[in-house]
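In the working numbering, the protein residues as written are 573 to 724. Ideal Cβ placement from N, Cα and C applies to all residues, glycine included. These notes concern the structure reproduced below.
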Amino acid sequence: MHRISFNLNGETTETEVEDYSTLMEMLREKFSLLSLKEGCGIGECGACTVLLNEKPVYACLTLAVKADGCDIKTAEYLSKGSEIHPLQKSFIKAGAVQCGYCTPGMLMSAYALLKNEEKPTDEMIREGISGNLCRCTGYIQIVEAVRDAAKI
Ligand code: FES
Ligand code: FES
């Protein structure tokens, strides 16, 4: 077991993890952060995307020990009680949430993009969410939502 400490959604946190535990197992099982989903489990769908030091990573492929000393953000970070983030509002307004399975991971990729790029082009948005698959929307509403959020 390894004792690790890190910042999780704005709070200093510590826990113990096995050598082989994934970041997804740790976040879902030890911290009940259920926004991230296990879609494929092999780094193909992006449903498990979280931010590690502000960069999107697949939590299914990242070992939990990598969180030591880092900043981790999940989609839970975006809302405070009933107050949701402007990006989440844009997703709802654009109809970018259908079954919702991809949405938390998609939000984290879009959030990271908008942190680095205040006015992304549609091409930049598509590139930014290219690691996240959505089987419902055809991506048009998602790109529109990110574009709208960038205007706020
Ligand atoms: S569950 Fe991690 S990429 Fe699909
Ligand atoms: S909204 Fe269903 S997979 Fe994206």
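Inter-residue Cα distance where the pair is residue i and residue j
{"i": "Lys652", "j": "Glu588", "result": "27 Å"}
{"i": "Thr594", "j": "Ser654", "result": "30 Å"}
{"i": "Ser604", "j": "Asp591", "result": "20 Å"}
{"i": "Ala717", "j": "Leu679", "result": "10 Å"}
{"i": "Glu616", "j": "Val629", "result": "11 Å"}
{"i": "Cys632", "j": "Lys723", "result": "32 Å"}
{"i": "Arg719", "j": "Met573", "result": "44 Å"}
{"i": "Tyr711", "j": "Met596", "result": "25 Å"}
{"i": "Gln713", "j": "Arg575", "result": "42 Å"}
{"i": "Lys609", "j": "Glu689", "result": "26 Å"}
{"i": "Leu599", "j": "Ala639", "result": "10 Å"}
{"i": "Arg707", "j": "Gly667", "result": "14 Å"}
{"i": "Ile644", "j": "Leu624", "result": "5 Å"}
{"i": "Lys661", "j": "Val637", "result": "34 Å"}
{"i": "Thr634", "j": "Thr646", "result": "14 Å"}
Own chain, CB closer than 7 Å to residue i, minus 5 neighbours either side, in chain order
{"i": "Tyr649", "result": "Asn581, Gly582"}
{"i": "Lys687", "result": "Glu626"}
{"i": "Gly613", "result": "Cys632"}
{"i": "His606", "result": "Residue 606 is actually Leu in this sequence, not His. The residues are Arg600."}
{"i": "His657", "result": "Leu650, Ser651"}
Residue i versus the options, residue with shortest Cα-Cα distance
{"i": "Gln670", "options": "Ile576, Thr709, Ser702, Met598", "result": "Thr709"}
{"i": "Tyr673", "options": "Met696, Lys602, Ala619", "result": "Ala619"}
{"i": "Gly703", "options": "Ile656, Pro676, Lys661", "result": "Pro676"}
Neighbourhood of residue i by C-beta, 6 Å cutoff - its chain only, sequence neighbours within 5 removed
{"i": "Gly611", "result": "Cys617, Ala619"}
{"i": "Ser577", "result": "Glu586"}
{"i": "Phe663", "result": "Val669, Ala717"}
Own chain, CB closer than 8 Å to residue i, minus 5 neighbours either side, in chain order
{"i": "Met696", "result": "Leu685, Glu689"}
Original post:
Along the chain, which unbroken stretches of the alpha helix (DSSP H) at least 4 residues long are found entirely within the region 637-722?
Top reply: 658-666, 675-688, 694-700
**OP:** Could you tell me which uninterrupted beta strand (DSSP E) segments, each at least 3 residues in length, are contained entirely in the region 580-627, listed from first to last along the chain?
**Re:** 583-589, 621-624
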